[in-house]
Every structure is written in structure tokens, then in C-alpha cells.
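All remarks here apply to the structure that follows.
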Ligand code: ATP
Ligand code: MG
């Protein structure tokens with residue numbers, strides 16, 4: 038595939054669109070890849086569309102290789118299906134709803150568990166037809182609260198979604214592993230610097246879900262990873278290894294109430310008492326499925342409400358309101374675990390239970406207790422891992438050191454189990470004629486988001502630097518002055534030759550100044566460049582690698598060899 042730039046719909050911009058906060062959004066808009074129609078809704082221009090197609094092709098090849106079958110499900114879905122799974126209410130305002138002319142409710146699919154489960158339920162009823170994995174690459178709709186970062190968080194975006202149906206848990210484990218491995222190959226081939234991370238699977242637990250994170254400072258998720266092994270997990274999920282702190286204290290001090298006027302936060306307490314943050318207990322009141330719970334962590338730790346939710350196997354965890362605090366005899370800013378009503382449950386992070394001589398709120402305005410001893414001065418109903426991991430903590434796998442990085446979620450694999458098949462009655466008859474619910478997994482890739490993540494990772498101050506495998510073209514062929522016959526003819530000759538050699542070439546045949554052409558070329562970021570300029574009469578051209586800037590003057594007869602060699606190097610970077 039080759040193209041002449043004079044014919045291409047490629048409106049580059051010098052100015053950065055005002056809504057573009059991050060570099061990938063700016064570069065994708067400036068290079069003419071995308072145009073915004075309305076907040077979070079974009080047109081893919083020819084250049085952007087070519088990149089999308091390359092990513093889709095890689096995804097298709099790897100999904101097919103893993104044994105998944107491509108289908109194409111409707112974007113319009115009847116509300117009844119969503120009522121069956123109770124997601125009509127649970128999904129909330131992110132769900133794009135619409136009515137047909139008969140006032141029947143529909144949604145624009147944000148995901149396809151309902152549709153695919155009904156499809157399989159209606160067409161498969163025996164173990165003999167299972168397992169099966171169905172996928173599609175399709176436009177999804179989500180009315181995001183805050184569409185931003187261009188196509189990274191859009192309201193209409195392209196996703197690959199796959200759904201596996203198995204007869205046993207072991208079968209699901211296998212399907213999941215196949216997808217996990219396919220995802221590793223996909224993101225490697227796309228050229229992303231990524232990491233699969235363990236994520237929170239709620240009640241399913243265990244290794245029930247991984248997110249594939251493209252590492253980037255603009256990422257919305259924090260990843261805790263180990264500096265010595267391949268352990269990586271989301272902040273909400275990462276397990277904390279408890280290390281007991283040695284104390285040489287022998288004599289027990291008795292509980293003391295201290296006046297602490299206006300001293301509420303840990304920072305204020307540290308200033309007031311002149312002690313380290315680890316000398317305090319931080320207490321936060323939550324509403325856990327209708328019950329009031331005080332969760333305790335050490336003052337230098339952060340409470341993780343997902344872990345709290347998992348501790349109770351709860352459906353909903355929210356911060357307790359001021360009214361609820363008052364109703365339970367608790368005082369905002371001075372909450373503590375001592376002398377609380379028996380309607381309040383006190384739970385604690387593991388690190389709290391053997392703290393000694395600590396300070397905590399007294400449940401009375403402007404007072405704290407000092408010399409507190411958990412177990413003596415108050416009882417803990419449940420103890421467990423309730424805090425966020427911190428940098429410098431021990432790796433739960435190998436004992437190495439935990440570091441933090443930011444990531445953009447480009448893929449997600451999830452063991453659904455029977456959550457949908459049970460609600461929707463997707464059952465099969467096993468070998469003994471017994472009816473059982475199918476065991477499902479779901480697997481998503483943000484195709485359009487992955488393109489933006491790639492730009493976020495691969496650019497310099499002049500523009501994009503595409504990895505070979507997803508570049509819109511391989512070679513940018515630039516005659517400096519198209520009015521010069523020698524240059525034009527040599528460029529045409531090369532255009533033909535490179536095309537025949539299998540390269541995808543963009544020929545900049547525009548009658549523009551050299552500076553404009555080179556600026557646009559840097560912006561668009563095609564991996565290899567061949568410049569036909571002043572030495573065209575001697576059949577000399579300049580070949581340049583966008584990524585390294587390395588340039589070389591070559592005779593036309595040597596060009597093909599050079600390009601083959603360089604392309605092989607660039608391909609190797611995505612393997
Ligand atoms: P996020 O936490 O970023 O909202 P999600 O957990 O809602 O993502 P999934 O439902 O797992 O996402 O969707 C599968 C994939 O689709 C995600 O891994 C992501 O790459 C992509 N994706 C999700 N929401 C959007 C969006 N608004 N715009 C672009 N891509 C998205
Ligand atoms: Mg989301």
C-alpha cells in the first residue's frame with residue numbers, strides 16, 4: 038500500500054487543540070490522525086485509521102491463533118437482557134440508553150456479556166459443543182463521567198472483547214491462560230512497554246483477573262511492582278506482607294486522655310505530640326452493607342476500602358456520613374476504637390494489633406487517648422490486610438522491594454465464573470445428562486486506547502515515533518523539491534521500487550518548502566525516511582531512522598539493502 042501525500046486527507050496542525058492535555062492527544066490531533074466531533078467522540082482520519090487497522094490485525098491474528106472465533110454482535114441491545122442480569126439498574130449513568138419508536142428501551146452496548154450469553158444460551162446446550170471462545174472488534178459506548186485524554190477515555194471507542202464458555206473451572210483456567218498468553222503476544226507485537234498486573238476480582242478472589250498496563254506517567258492507575266521478580270499488582274490489590282516491629286518495652290503504661298484542641302489529622306497529631314506518624318492509629322468509619330464499621334490502620338498507612346470490602350465479602354462500602362457518625366456516638370475528626378457502641382464493629386489492619394503506647398481518637402471533640410494498647414483497651418472484631426502497599430514494602434512473592442509506576446489499562450482478562458450464565462440461564466448438559474451453568478471468562482482490549490498509549494510511549498519533542506508493526510506507513514519518501522525533474526523522477530523510481538519490495542510508502546509529492554515537509558514528517562513519525570534532494574543527479578539519497586535520527590547518504594542501488602536491514606532491526610523490537 039502506497040499513497041501520494043497530495044491525494045491524502047492529512048490535515049496536520051501547527052497549533053495544539055485547547056482540550057488536549059496530554060502529549061498523545063496533542064500529537065494525534067496535530068498529525069491529523071483524529072478529529073473530535075463532540076466531547077469523547079472522535080473521527081479516525083486516514084492516518085489514524087491505518088494505525089487502528091494494524092493493531093486490529095495483530096489482535097485478530099493472535100485471537101485466531103488462540104482458538105477464538107470472530108463474530109460481530111449488534112451495538113444496539115434490548116433493555117430486557119440488561120434487566121435479566123440486573124445491570125439495567127446497576128450500570129448507572131455510564132450506560133447510553135435510548136428508545137425506539139414504540140418506546141421500547143435499548144442500550145448502546147458498553148460491553149457484551151448479556152448479548153453473548155443469550156446467544157450461547159440459545160444455541161448451545163451440550164458439553165459436546167464446549168468450550169467455545171467468541172470475540173469481536175467493535176465500537177463500544179460508555180457515557181464516561183469525565184471523557185478525557187483524547188481516545189484514552191472516550192465515550193465511543195473501539196474494543197476487542199472476547200468471551201469464553203467452559204464446562205469446568207479447570208477449563209476456564211485454561212481458557213484464561215490462553216487469553217493471558219495471547220495478550221502478552223499482542224502487546225509485545227504492538228510494541229508497547231507493558232506489564233500484566235494482578236487486579237482485584239472482588240468476591241471471585243485469587244488470580245481471577247489481570248489488567249495489562251502500558252507503563253506511562255499519565256496513567257490513571259498505580260501499579261506496585263517488584264524490583265527483583267515479575268510480581269506486579271494494582272494498588273487496590275497488592276498484598277501487604279506483615280512485618281512485626283520489635284519493641285523493647287517492658288513496662289505497661291496506662292491509658293490516658295489528652296486534650297488536643299483542633300488537632301485532627303495525622304499531620305497535626307505528629308506536630309502536636311512530636312512523634313512519628315507510626316505512633317498513631319488512623320480510624321475511618323465506613324458503611325459496609327448497612328453496618329457501621331471503624332477500620333484502623335497505622336498512622337503512616339493508607340486504608341484500602343477494596344480490601345475492607347473483601348474482608349466482609351460486602352457489596353457496597355461507602356464512607357459513613359456525619360449524621361451516621363453522630364447517630365453512633367462518634368465524633369468526626371476524633372474517631373477512635375475505644376468505648377464504641379456495640380452496633381459499631383472495629384476491624385484493624387494486621388500492623389495495628391501489636392502496636393503499643395499508641396495514640397488514637399477519643400470519640401469526643403478535642404480529645405485523644407494516649408498509651409493505648411489494642412486488645413487491652415479495645416477489642417478488634419476482625420484483623421486482616423487492610424492497607425495500601427507502599428513503596429519500599431516487601432514483595433509478597435520474593436521479598437524484593439516494591440516500587441510504584443503508573444499505567445494505562447489497555448487490556449483486561451477476567452474470570453467471570455457463573456455470574457452471568459446463572460442469571461441468564463445459560464446451561465449445558467454434562468456427560469451424565471446433568472444440567473449445569475456454563476463457566477465464563479471475558480477478555481477486553483482497548484484498541485483505540487492502545488494506539489494512544491503507544492503515542493504516549495513513543496514520541497519526542499518533534500512528534501510521534503511509530504513502532505514498525507503499527508506504523509501507518511513504513512517509509513516516508515520525500516523529494517525535497519518536486520519542481521526539480523531529477524528529484525521528482527528519482528523519487529518516482531524509488532516509489533515504485535520500494536512498493537514492489539513490499540514496503541508501505543507515503544510519497545510527499547507536495548510542492549511545499551523542505552522545512553514544512555520535514556516538520557510534518559517528524560510529526561507523523563513514519564519509522565524510516567528517504568529524502569531525495571540536491572544529490573539526485575548523482576543518484577544519491579539520504580536515508581534516516583526516525584527513532585534514532587541516524588542518517589546516511591546512499592546510492593539508490595544500496596537503498597533497498599539498507600532499508601531491509603533497518604526494518605529488520607525495527608521489527609525485532611516488537612518481538
Ligand atoms: P477503565 O477502568 O479505564 O474505565 P474499564 O475497567 O472500565 O476501564 P473494561 O470494562 O475492562 O474497562 O474494558 C476493556 C478495555 O476497554 C479496557 O481495558 C480499556 O483498555 C478499554 N476501555 C474502557 N473504557 C474505555 C474508554 N472510555 N475509552 C477507551 N477505551 C476504554
Ligand atoms: Mg470504565
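Numbering (this note's numbering), first residue to last: 38 to 612. Ideal Cβ positions, reconstructed from N, Cα and C, are used throughout, including at glycine. None of the values given here were measured: they were computed from a predicted structure.
Checklist line | Beta-carbon spacing of residue 452, residue 478 below 7 angstroms | finding: As a working note, residue 452 is residue 415 in the chain shown. As a working note, residue 478 is residue 441 in the chain shown. Contact flag set, yes.
Task: Between the CA atoms of residue 491 and residue 94 - distance to the nearest angstrom - done: The residue you call residue 94 lines up with position 57 of the chain shown. The residue you call residue 491 lines up with position 454 of the chain shown. Taking the straight line joining both Cα atoms gives about 16 angstroms.
* To do: Indicate the three-state DSSP secondary structure (helix, strand or coil) for residue 54 in the structure shown.
  => The sequence position of residue 54 within the chain shown is 17, counting from 1. Residue 54: coil per DSSP, three-state reduction.
Quick one: give me the first and last residue of the alpha helix (DSSP H) that residue 218 is part of. Within the chain shown, the letter at position 181 stands for residue 218. Where residue 218 is concerned, the enclosing alpha helix (DSSP H) stretches over 206-227.
Quick one: any contact between the region 124-137 and the region 145-165, if contact means 3 or more CB pairs under 8 angstroms? yes
- Task: Quick one: residues in its chain with C-beta nearer than 8 angstroms to the C-beta of residue 338, no 5 flanking neighbours on either side, listed in chain order?
- Result: For the purposes of this step, residue 338 is taken as the residue at position 301 of the chain shown. Residues of the same chain with a CB within less than 8 angstroms of the CB of residue 338, apart from the 5 flanking positions on each side, are 319, 386, 388, 424, 425 and 427 in chain order.
Please work out which residues of its chain come closer than 7 angstroms, Cβ to Cβ, to residue 315, disregarding the five sequence neighbours upstream and downstream, and give them in chain order. Here residue 315 is taken as the residue at index 278 of the chain shown, counted from 1. Excluding sequence neighbours, residue 315 sits near 335, 336 and 337.
May I have the straight-line CA-CA distance separating residue 176 from residue 96, to the nearest angstrom?
Position 139 of the chain shown, counted from the start, is the residue given in the question as residue 176. Position 59 of the chain shown, counted from the start, is the residue given in the question as residue 96. Computed Cα separation, rounded: 15 angstroms.
Taking Cβ to Cβ, would you say residue 591 is nearer than 7 angstroms to residue 564? Indexing the chain shown from 1 puts residue 591 at position 554. Indexing the chain shown from 1 puts residue 564 at position 527. No, they are not a contact pair.
Problem - Element boundaries [alpha helix (DSSP H), containing residue 596] - result: Your numbering for residue 596 matches position 559 in the chain shown. Start and end: 593-609.
Query raised in the report: According to DSSP, what are the bridge partners of residue 514?
Result: Taking the chain shown and counting its residues from 1, one reaches residue 514 at position 477. 544 and 567.
Would DSSP call residue 41 helix, strand or coil?
Here residue 41 is taken as the residue at index 4 of the chain shown, counted from 1. Residue 41: strand per DSSP, three-state reduction.
Just the Cα atoms here: how many angstroms apart are residue 269 and residue 104? Numbered from its first residue, the chain shown carries residue 269 at position 232. Numbered from its first residue, the chain shown carries residue 104 at position 67. If you take the alpha carbons of residue 269 and residue 104, they lie about 28 angstroms apart.
- Query: What number of angstroms, rounded off, separates the C-alpha of residue 368 from the C-alpha of residue 362?
  - Reply: As a working mapping, residue 368 is identified with position 331 in the chain shown. As a working mapping, residue 362 is identified with position 325 in the chain shown. Whole-angstrom Cα-Cα distance: 6 angstroms.
Consider the C-beta atom of residue 448 and the heavy atoms of ligand 1; say whether any pair is separated by less than 6 angstroms. Residue 448 sits at position 411 when you count from the first residue of the chain shown. Yes, the Cβ of residue 448 comes within 6 angstroms of a heavy atom of ligand 1.
Between 544, 442 and 471, which has its C-alpha nearest residue 234's C-alpha? As a position in the chain shown, residue 234 is number 197, starting the count at 1. Distances from the alpha-carbon of residue 234 to those of 544, 442 and 471 put 442 closest.
Check your understanding: Whose C-alpha, out of 92, 189 and 184, is nearest the C-alpha of residue 643?
Key -> In the structure as shown, the chain starts at 38 and stops at 612, and residue 643 therefore has no counterpart that could be examined.
Would residue 39 and residue 560 be called neighbours here (beta carbons separated by less than 7 angstroms)? For the purposes of this step, residue 39 is taken as the residue at position 2 of the chain shown. For the purposes of this step, residue 560 is taken as the residue at position 523 of the chain shown. Contact: no.
| Terminal residues of the continuous beta strand (DSSP E) containing residue 561? | In the chain shown, counting from the first residue as 1, residue 561 sits at position 524. From DSSP, residue 561 is part of no beta strand (DSSP E) but of the alpha helix (DSSP H) over 551-561.
Given this structure, state the Cα-to-Cα distance separating residue 257 from residue 251, to the nearest angstrom. To locate residue 257, count along the chain shown from 1; it is residue 220. To locate residue 251, count along the chain shown from 1; it is residue 214. C-alpha separation (whole angstroms): 11 angstroms.
My output table needs one value for residue 164: the three-state DSSP class, helix, strand or coil. One-based indexing of the chain shown puts residue 164 at position 127. If DSSP states are grouped into helix, strand and coil, residue 164 belongs with the helices.
Three-state secondary structure assigned by DSSP to residue 437:
Translated into positions along the chain shown, residue 437 becomes position 400. Reduced to three states, the DSSP call for residue 437 is coil.
>> Just verifying my parser: in three-state terms, what is the DSSP assignment at residue 97?
In response: Working through the chain shown from its first residue, we reach residue 97 at position 60. In the displayed model, residue 97 falls within a helix according to three-state DSSP.
Q.
With three or more C-beta pairs closer than 8 angstroms as the rule, is the region 538-554 touching the region 72-79?
A. No, because fewer than three Cβ pairs between the region 72-79 and the region 538-554 fall closer than 8 angstroms, the two stretches do not touch.
Notebook entry, point to check: I think residue 488 touches residue 220, with their Cβ atoms under 8 angstroms apart; what is that distance to the nearest whole Å?
Noted result: What you label residue 488 is simply residue 451 of the chain shown in a count that begins at 1. What you label residue 220 is simply residue 183 of the chain shown in a count that begins at 1. Not confirmed; about 16 angstroms, so no contact.
**Prompt:** Which value, in whole angstroms, describes the spacing of the CA atoms of residue 601 and residue 189?
**Reply:** Start at 1 with the first residue of the chain shown, and residue 601 comes out as number 564. Start at 1 with the first residue of the chain shown, and residue 189 comes out as number 152. Using only the alpha carbons, I get a separation of about 34 angstroms.
request  = Just the C-alpha distance for residue 17 and residue 408, rounded to the nearest angstrom, thanks.
outcome  = Given that the chain is displayed from residue 38 to residue 612, the structure contains no residue 17 and the question cannot be resolved.
Discussion item. Quick check on this structure: which residue in 116, 574 and 151 has the alpha carbon closest to the alpha carbon of residue 140?
Written reply: The residue labelled residue 140 in the question sits at position 103 within the chain shown. Residue 116 is the option with its Cα nearest to residue 140.
message: residue 249 and residue 447 - do their beta-carbons sit closer together than 7 angstroms?
response: Working through the chain shown from its first residue, we reach residue 447 at position 410. Working through the chain shown from its first residue, we reach residue 249 at position 212. Yes, these two residues count as a Cβ contact at 7 angstroms.
Residue 612 (DSSP reduced to helix, strand or coil):
As a position in the chain shown, residue 612 is number 575, starting the count at 1. It is coil, neither helix nor strand.
### Message
Please list the terminal residues of the continuous beta strand (DSSP E) segment that includes residue 79.
### Response
Indexing the chain shown from 1 puts residue 79 at position 42. Residue 79: member of the beta strand (DSSP E) spanning 78-81, first to last residue.
Note to self: Just to confirm my understanding: we take residue 445, look at its own chain, exclude 5 residues before and 5 after, and list those with CB closer than 6 angstroms. What are they?
What the structure shows: For the purposes of this step, residue 445 is identified with residue 408 of the chain shown, where counting begins at 1. Same-chain partners within the cutoff: 251, 253, 256 and 490.
Notebook entry, point to check: Which residues share a DSSP beta bridge with residue 445?
Noted result: As a working mapping, residue 445 is identified with position 408 in the chain shown. In the DSSP output, where bridge partners are listed per residue, residue 445 has 251.
| request: Using a Cβ-Cβ cut-off of 7 angstroms, state whether residue 207 counts as contacting chain C. | output: Note that chain C does not occur in the displayed structure, where there is just one protein chain.
Starting from the Cα of residue 326, find the closest Cα among 312, 352 and 483 and give me that residue. If you number the chain shown from 1, residue 326 lands on position 289. If we check each option's Cα against that of residue 326, 352 comes out closest.
Practice problem: Say yes only if the C-beta of residue 181 is nearer than 6 angstroms to one or more non-hydrogen atoms of ligand 1, and no if none qualify. | Solution: Here the question's residue 181 lines up with position 144 in the chain shown. True, at least one ligand heavy atom lies under 6 angstroms from that Cβ.
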